[in-house]
Amino acid sequence: MDANNQDANNNQQDQQQQQSQDEHDQDGPLPKGWEKRVSRSTGQAYYLNIYTKESQWDRPTQEANTKDNEKIRCSHLLVKHNQSRRPSSWREEHITRTKEEALALIQDYHEKISNGVATLDELASELSDCSSAKRGGDLGFFARGAMQKPFEEAAFALKVGELSQVVETDSGVHLILRTA
Numbered sequence: 001m002d003a004n005n006q007d008a009n010n011n012q013q014d015q016q017q018q019q020s021q022d023e024h025d026q027d028g029p030l031p032k033g034w035e036k037r038v039s040r041s042t043g044q045a046y047y048l049n050i051y052t053k054e055s056q057w058d059r060p061t062q063e064a065n066t067k068d069n070e071k072i073r074c075s076h077l078l079v080k081h082n083q084s085r086r087p088s089s090w091r092e093e094h095i096t097r098t099k100e101e102a103l104a105l106i107q108d109y110h111e112k113i114s115n116g117v118a119t120l121d122e123l124a125s126e127l128s129d130c131s132s133a134k135r136g137g138d139l140g141f142f143a144r145g146a147m148q149k150p151f152e153e154a155a156f157a158l159k160v161g162e163l164s165q166v167v168e169t170d171s172g173v174h175l176i177l178r179t180a
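Take the sequence shown: its letter number 86 is residue 86 in the UniProt record's numbering, and every next letter is one higher.
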């Protein structure tokens, strides 16, 4: 092998090592869906979402959004209980119901919605322990990483117009309706 080929080979190995080091830089591996790149104009590191091709200067802390499900819209009905993260709401200053009582209530609401006796919008407006009750439970559009993991997983698994089963989070128990 001549000297030029040797230098080119070494340079390629150096680049591969650098790329490997970049992917596992001082803060550990990057979240799924992100690549670390270097700007040709500034020489600064930036991060590329491999799904959407959007870039950002700040190191990502969450998995990259994908094109398919970048943002969804949901409404929900929340019933808090005495073990909830914040056991108070716009309806009750201090919530004393047990988790079992909250589960019984939310299951009753699920039955009413499923049987066409009431809509989630109607029940959420009256009975939800979330301030979104003012909007019939509408949470607006949100991307992955914006909600607690169990809520996010349930919401993103729903088809538009589909109602979830009971979902438990640190906030309480929920019914989720995907609207967009």
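For glycine and all other residues, C-beta sits at the position ideal for the given N, C-alpha and C.
Could you give the distance in angstroms between the alpha-carbon of Gln-44 and the alpha-carbon of Thr-61? 19 Å
Counting beta carbon pairs with one atom in the region 81 to 88 and one in the region 163 to 180, are three or more of them shorter than 8 Å? yes
May I have the straight-line CA-CA distance separating Glu-54 from Gly-33, to the nearest angstrom? 11 Å
Pull up the distance between the alpha-carbon of Glu-162 and that of Arg-59, whole angstroms please. 35 Å
Given His-76 as reference, the closest of Gly-116, Ala-133 and Trp-57 once Cα atoms are compared: Ala-133
Does the distance from the CB of Lys-179 to the CB of Val-160 come in under 8 Å? The sequence shown places Thr at residue 179, not Lys. Going by C-beta atoms, Thr-179 is nearer than 8 Å to Val-160.
Going by DSSP, which residues form a beta bridge with Leu-48? Glu-35 and Ser-55
Excluding the 5 residues preceding and the 5 following Leu-177 in the sequence, name in chain order all residues of the same chain whose CB lies nearer than 6 Å to its CB. Ser-75, Leu-120 and Leu-163
7 Å CB neighbourhood of Asp-138 in its chain, flanking five on each side removed: Ser-75 and Ser-132
Provide the residue span of the beta strand (DSSP E) that contains His-174, from first to last. 172 to 178
Could you give the distance in angstroms between the alpha-carbon of Glu-63 and the alpha-carbon of Asn-115? 37 Å
Looking at His-110 and Thr-98, is the spacing between their C-beta atoms short of 8 Å? no
Could you have a look at Pro-150 and say whether DSSP puts it in helix, strand or coil? helix
Inspect the beta-carbon positions of Ala-124 and Gly-136 and report whether they are closer than 8 Å. yes
Within 10 angstroms of its Cβ, does Gln-15 collect 16 or more other Cβ (buried), or is it exposed? Reliability fails at Gln-15, whose pLDDT of 45 lies under 50, so the model's placement of it is uncertain and the value that follows must be treated cautiously. Exposed: under 16 other Cβ atoms inside 10 Å.
Between which residues of its own chain and Val-79 is the CB-CB distance below 7 Å, once the five residues before and five after are set aside? Ala-102, Leu-105, Ile-106, Asp-129, Gly-172 and Val-173
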